[in-house]
Ligand SMILES: [Zn+2]
Ligand SMILES: [Zn+2]
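Numbering (my numbering), first residue to last: 8 to 265.
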């Protein structure tokens, strides 16, 4: 056999071994959907077809730029829905990737309470698209993740809002952790009414000495908003610290609340 034939023989054998090895691995450790754990083809992008479909159903849609609530474009006046038209303007812009239901809800809960941080690889890009389409990405100077209290940060090991903010980061846009939570508060979803939620976060945030918010356009970043009480309180503190504009970017808005 001349050298070329030997090389081609070895190459083919190598490819076949690799193929066999791959099939064996797939048999022994099949790829599973990151959300529902059903077996999937490896080239399916990490989720099963049903979960991709379910995720797309909870994304997009028309929403109010004041509170993020899903509302038909005909129900929006001056960029705001009837529910928040009368309220004081707190944010200078609002964008969301989708609403808190179905697969999107499962994914956000997985990240937050089951440490499934790898799901951010799917959520991050869609969040980035929503931010880019929100109309204020170019005007934003600083991204500000909604902070966790240090006790909760230690318990969880990460702040999901900070991780999400990294997906919105582009050149020249930095993430600031100078907004801090100074009071440990129970989860907002443990509160029963909107006024309880407002009271729960009142005075819970402050800015660090030496912050750089003055005169800057900042964008608050969070995973979920329910009543908006946390975001409103953060926005109030940032404006008090001299922020020229406060925008909000959230992955999901829980519907049925305002
Ligand atoms: Zn699935
Ligand atoms: Zn609204």
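Ideal Cβ positions, reconstructed from N, Cα and C, are used throughout, including at glycine. Just so it is clear, the structure is predicted and the values come from calculations on it, not from any experiment.
Step through the CB atoms of chain B and report whether any lies within less than 8 angstroms of the CB of residue i.
{"i": "residue 74", "result": "In the displayed structure, chain B is absent; only one protein chain is listed."}
As a quick exercise: from the options, pick the residue whose alpha carbon is nearest that of residue i.
{"i": "residue 151", "options": "228, 114, 119", "result": "228"}
{"i": "residue 238", "options": "249, 117, 188, 215", "result": "188"}
{"i": "residue 140", "options": "259, 217, 102, 250", "result": "102"}
{"i": "residue 199", "options": "168, 236, 171, 170", "result": "236"}
{"i": "residue 251", "options": "53, 77, 147, 163", "result": "147"}
{"i": "residue 100", "options": "47, 253, 53", "result": "253"}
{"i": "residue 50", "options": "91, 37, 109, 62", "result": "37"}
{"i": "residue 255", "options": "104, 90, 98", "result": "98"}
{"i": "residue 115", "options": "91, 166, 205, 47", "result": "166"}
{"i": "residue 105", "options": "93, 85, 57, 138", "result": "138"}
{"i": "residue 248", "options": "232, 260, 216", "result": "216"}
{"i": "residue 204", "options": "233, 85, 257", "result": "233"}
{"i": "residue 258", "options": "161, 144, 107", "result": "107"}
{"i": "residue 76", "options": "63, 110, 61, 92", "result": "92"}
{"i": "residue 170", "options": "156, 57, 230, 145", "result": "230"}
Would you kindly report the start and end of the unbroken beta strand (DSSP E) that includes residue i?
{"i": "residue 224", "result": "224-232"}
{"i": "residue 188", "result": "186-188"}
{"i": "residue 77", "result": "Counting along the chain, residue 77 falls outside any beta strand (DSSP E), and DSSP gives it neither H nor E."}
{"i": "residue 105", "result": "100-106"}
{"i": "residue 214", "result": "212-214"}
State the start and end residues of the unbroken alpha helix (DSSP H) segment that holds residue i.
{"i": "residue 139", "result": "127-140"}
{"i": "residue 236", "result": "236-247"}
{"i": "residue 155", "result": "From DSSP, residue 155 is part of no alpha helix (DSSP H); its letter is neither H nor E."}
{"i": "residue 56", "result": "56-64"}
{"i": "residue 206", "result": "201-208"}
{"i": "residue 121", "result": "109-121"}
{"i": "residue 251", "result": "Note, residue 251: premise wrong, no alpha helix (DSSP H); not H, not E."}
{"i": "residue 172", "result": "167-173"}
Is it the case that the CB of residue i approaches a heavy atom of ligand 2 more closely than 7 angstroms?
{"i": "residue 68", "result": "no"}
{"i": "residue 73", "result": "yes"}
{"i": "residue 239", "result": "no"}
{"i": "residue 61", "result": "no"}
{"i": "residue 102", "result": "no"}
{"i": "residue 88", "result": "yes"}
{"i": "residue 112", "result": "no"}
{"i": "residue 91", "result": "yes"}
{"i": "residue 76", "result": "yes"}
Requested in this report: Could you please go through the chain and list the residues whose beta-carbon is closer than 7 angstroms to any non-hydrogen atom of ligand 1?
Outcome: For ligand 1, the selected residues are 40, 42, 43, 45, 54, 55, 57, 58.
Query raised in the report: Would you call the segment 39-55 and the segment 118-133 in contact, with 3 or more CB pairs under 8 angstroms?
Result: Two segments are said to touch when three or more pairs of C-beta atoms, one from each, lie closer than 8 angstroms; by this definition the segment 39-55 touches the segment 118-133.
Report task. May I ask you to verify whether the segment 110-122 touches the segment 185-200, counting CB pairs closer than 8 angstroms and requiring at least 3? Result -> Between the segment 110-122 and the segment 185-200 there are fewer than three C-beta pairs closer than 8 angstroms, too few to call the two in contact.
Query raised in the report: Is the number of C-beta pairs between the segment 196-215 and the segment 158-175 that are closer than 8 angstroms three or more?
Result: Short answer: they don't touch.
Query raised in the report: Does the segment 53-72 come close enough to the segment 218-227 to have 3 or more Cβ pairs within less than 8 angstroms?
Result: Per the Cβ contact rule, the segment 53-72 is not in contact with the segment 218-227 (fewer than 3 Cβ pairs under 8 angstroms).
Query raised in the report: Any chance the segment 178-187 sits against the segment 138-155, with 3 or more Cβ pairs inside 8 angstroms?
Result: With the cut-off at 8 angstroms, the segment 178-187 and the segment 138-155 touch.
Query - Three-pair Cβ contact test at 8 angstroms for the segment 130-146 versus the segment 234-250 - result: Touching, no.
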